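Counting from 0, one number per residue, gives the positions in the sequence shown under numbering that gives the first Met the number 0. Please read the structure below before turning to the comments.
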Amino acid sequence: MRSAPSWVRTKMIVRPLRAAMAAVTGALSFGFTTRTWCDMVVTLPWALSTSWLTGLFR
Numbered sequence: 000m001r002s003a004p005s006w007v008r009t010k011m012i013v014r015p016l017r018a019a020m021a022a023v024t025g026a027l028s029f030g031f032t033t034r035t036w037c038d039m040v041v042t043l044p045w046a047l048s049t050s051w052l053t054g055l056f057r
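What follows is the structure in structure tokens.
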């Protein structure tokens, strides 16, 4: 038995990445404005850290 299997780490990385990708594609299809860009720059790190934390404690 290996400690901390790689699939757990991969899952923890992939889940926030998927959320980020969904946010980016959503923003792109919606059309970029300066305000959306600023919102994303502010929201993305927060969203990533939250999803990473929820993935950690799940």
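Positions of the beta carbon are idealized from the N, C-alpha and C atoms, including for glycine. Since we're looking at a predicted model, the values are computed, not measured.
Short of 8 Å in beta carbon distance, which residues of its chain neighbour residue i, apart from the five on each side in sequence? Order them along the chain.
i: Gly54; result: Lys10, Met11, Arg14, Pro15
Is the CB of residue i under 8 Å away from at least one CB in chain C?
i: Val7; result: Of the chains in the structure shown, none is chain C; there is only one protein chain.
Near residue i, which residues of its chain fall below 7 Å by C-beta distance, leaving aside the five closest residues on each side in sequence?
i: Arg8; result: none
i: Leu47; result: Pro15, Ala19
Once the 5 residues before and after residue i are set aside, which same chain residues still bring their CB inside 6 Å of it?
i: Trp51; result: Pro15
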